[in-house]
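Participant: Here it is, the structure in full.
So this is what it looks like as structure tokens:
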């Protein structure tokens, strides 16, 4: 496994050295990362990167199958338009996580910021997933068009709310699962709460187990019957916007 | 070249701030390191710093930092200054040659006390007298710009990347208990020395990342109270709003924050009756002081530092605490590079201010 010291290295140079390194060894460790942007951008299946520090904005943008593990917090727009692969963040995360995400999985141990999963989408078997251990800010799943978000709300302090306002505003596809039953005023008018199916329960079980495994947590106390599921009220609401079909 | 106020170019930025709440002073090296880390957020057309507690030997005097385009305008402004102020000390602000910093104006510093008895108007206090003089110079003396006018504080700014501006002004040689910094990506106006951030009025300074869509409403509002927005830039108007609300209207800081980032009406409806009445009154009286559009700002004042996001958080902001210090920056890495293992690190909500005030009298 190749180790790269990222201290004081400009993001372009760092990403260039990652590109050269993976030609020799597909497993890389980055140390002392401080805000360098676009780490893991477009990287294919087989590449594994372990990051010590704080990767910068747009980490894993357009990622094509690589696996990235961050041992620390992450900033904004992580997983921007990513196609496939897996991101595991052992910490908290900033705004617009999974921005326009098209596939792959993101697991965040702690809290996430505003507009997480904004306009994530799915197509056939490409179904993106974001699993969040803590709470989420406003506009979770805004304009969501596909894929799934699972919000666990673990270890919230007294009075801390699992999700902010304007959740799923403009949603027209995809599913949001929230551990609990937040007040209705927090949601956009395009969303409705629906009951969990057996398929949902199996899906939740599987990904909660993975979360527990990645972050070495015992989540046996989580009760699936407390989860709420949110989906768009109508299917394909804009199909007749530009032409009738 | 057309300057600020004469041209608009529609189109991000970096901000960082550190305060030691016990008033212990530290060099500008740390804030330079923090803002330099976010180099990518700027484009080299503006950088600047505000430093509080740097002039303890002159702490009773107003410190004017002035840009001059020419010696002739300098002579005219000095004539005005001599008439209105006792000038205790005057001189160049020391700078050093930095390859990327070019075309600097003449940069002068004056420590002054107002000759308030010169005023023909009704008795006004020293702050009001001084701010009126600053507004007058900036409006009437073309080619001169007072870019700092507080006591025991100073702004240092110019066209360039912030880390280069910091080196140019040798800020590692100054010691302050509070520093704020800005890296500029000018959007609506061309880069100009005076147009860089922070914007200041007396002890107020604002660094700002964003774009205020309520600019004209806010401008008309502050201009009714005698301010003149000469730069067509949103940051200037934010500075005047806080000066108006807190200094002139004597509003507590938490209320002033509710004015500029007031809660949504439907959120107000969920409050108790007393809070509802208060918030509704604020929104009614100060409707035109509401700041709309994406912003994250750090406001510096005599009492300390306030950081604030717009209500729906369209710009990023991270805050951290370690010991007596509070840190705020556009990116978490810009805090961690100067503060490893903070006691607490978090992303404030939209409209939720981080208020970090000095726990002692102004040093």
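Residue numbers (the numbering used here), protein chains in the order written: chain A, 5 to 249; chain B, 9 to 371.
We treat Cβ as the ideally placed atom computed from N, Cα and C, and that holds for glycine.
1) Which residue from A/46, A/99, A/91, A/209 puts its Cα closest to that of residue 115 of chain A?
2) Quick test of your reading: residue 236 of chain A and residue 194 of chain A, contact by CB under 8 Å. State the CB separation rounded to the nearest angstrom.
3) If you count every other CB in all the chains shown that lies within 10 Å of the CB of residue 30 of chain B, and 16 or more means buried, which is it?
4) Counting only Cβ-Cβ distances shorter than 8 Å, please list the residues of the segment 334-347 of chain B near chain A, keeping chain order.
5) Measure from the alpha carbon of residue 310 of chain B to the alpha carbon of each residue in B/27, B/321, B/324, B/120, then state which is nearest.
6) I need the DSSP call for residue 48 of chain A, collapsed to helix, strand or coil.
7) Does residue 45 of chain A have its Cβ less than 8 Å from a Cβ in chain B?
8) Nearest to residue 159 of chain B by CA position, among B/236, B/184, B/316, is which residue?
9) Any idea if residue 200 of chain B is buried or exposed, counting beta-carbon neighbours within 10 angstroms, 16 or more meaning buried?
10) Can you list, in chain order, the residues of its chain whose CB lies under 6 Å from that of residue 136 of chain A, leaving out five sequence neighbours each side?
11) Using 10 angstroms around the beta-carbon of residue 205 of chain A, count the other beta-carbons present and answer buried if the total reaches 16, otherwise exposed.
12) Would a check of beta-carbon distances place residue 179 of chain B closer than 8 Å to chain A?
13) Using a Cβ-Cβ cut-off of less than 8 Å, list which residues of the segment 31-47 of chain B approach chain A; keep chain order.
14) Count the other CB atoms within 10 Å of the CB of residue 331 of chain B; is the residue buried (16 or more) or exposed (fewer)?
15) If residue 55 of chain A and residue 82 of chain A are in contact, beta carbons under 8 Å, what's the gap, nearest whole angstrom?
16) Would you list the residues sitting across from residue 189 of chain B in a DSSP beta bridge?
17) Do residue 135 of chain B and residue 210 of chain B have their beta-carbon atoms positioned less than 8 Å apart in this structure?
18) Which residues bound the alpha helix (DSSP H) around residue 35 of chain A?
19) In whole angstroms, what is the alpha-carbon distance linking residue 157 of chain B and residue 146 of chain B?
20) In whole angstroms, what is the alpha-carbon distance linking residue 205 of chain B and residue 189 of chain B?
21) Would a check of beta-carbon distances place residue 320 of chain B closer than 8 Å to chain A?
22) What does a CB cutoff of less than 6 Å around residue 236 of chain B pick up in its chain, not counting 5 residues either side in sequence?
23) Whether or not the segment 117-128 of chain A and the segment 221-231 of chain A are in contact is what I'm after, with contact meaning three or more pairs of Cβ atoms, one per stretch, closer than 8 Å; do they touch?
24) What are the partner residues of residue 133 of chain A, as DSSP defines its beta bridges?
25) Taking only beta-carbon positions, decide if residue 282 of chain B is within less than 8 Å of chain A.
26) In chain order, what are the residue ranges of uninterrupted beta strand (DSSP E) at least 3 long that sit wholly in the segment 92-124 of chain B?
27) Using a beta-carbon distance below 8 Å, is residue 18 of chain B in contact with chain A?
28) What are the boundary residues of the beta strand (DSSP E) that residue 307 of chain B is part of?
29) Does DSSP classify residue 168 of chain A as helix, strand or coil?
30) Report the rounded CA-to-CA distance for residue 145 of chain A versus residue 301 of chain B, giving the unit in angstroms.
31) Could you tell me the distance, in whole angstroms, from the CA atom of residue 251 of chain B to the CA atom of residue 167 of chain A?
32) Is the segment 56-63 of chain A touching the segment 29-43 of chain A in the sense that three or more CB pairs, one from each, lie closer than 8 Å?
33) So which residues on chain B does residue 58 of chain A lean against when the C-beta distance must stay under 7 Å?
34) Check whether the segment 17-35 of chain A and the segment 320-328 of chain B touch, using three or more Cβ-Cβ pairs below 8 Å as the test.
35) At the 8 Å Cβ level, is residue 371 of chain B part of the contact set with chain A, yes or no?
36) Using 8 Å as the limit for Cβ to Cβ distance, is residue 215 of chain A near chain E?
Facilitator: In brief:
1) A/99
2) 6 Å
3) exposed
4) Cβ contacts with chain A come from 339, 340, 341, 342, 344, 345.
5) B/27
6) strand
7) Answer no: the Cβ-Cβ gap between residue 45 of chain A and chain B never drops below 8 Å.
8) B/184
9) buried
10) 112, 116, 155
11) exposed
12) no
13) For the segment 31-47 of chain B, residues whose beta-carbon sits nearer than 8 Å to a beta-carbon of chain A comprise 45, 46.
14) Around the CB of residue 331 of chain B, fewer than 16 other CB atoms lie within 10 Å, so the residue is classed as exposed.
15) 11 Å between Cβ atoms; not a contact.
16) Looking at the DSSP assignment, residue 189 of chain B forms a beta bridge with B/24, B/57.
17) Yes.
18) Unbroken run through residue 35 of chain A is the beta strand (DSSP E), 31-38; no alpha helix (DSSP H).
19) 12 Å
20) 8 Å
21) Yes - at least one Cβ of chain A is within 8 Å of the one on residue 320 of chain B.
22) 143, 147
23) no
24) DSSP lists A/109, A/152 as partners of residue 133 of chain A.
25) no
26) 93-100, 114-122
27) Low confidence applies here, because residue 18 of chain B scores a pLDDT of 39, under 50, leaving its location unreliable and the question unanswered by this model.
28) 303-309
29) coil
30) A straight-line Cα-Cα distance of about 21 Å links residue 145 of chain A and residue 301 of chain B.
31) Going by the C-alpha atoms only, they are around 35 Å apart.
32) Contact between the segment 29-43 of chain A and the segment 56-63 of chain A is present, with at least three C-beta pairs closer than 8 Å.
33) 340, 341, 344
34) no
35) Confidence in residue 371 of chain B is poor, its pLDDT being 47 and thus under 50, which makes the residue's placement unreliable; the coordinate value appears in the next sentence. Output row for residue 371 of chain B: interface = no.
36) Absence of chain E from the displayed structure is noted, the protein chains being A and B.
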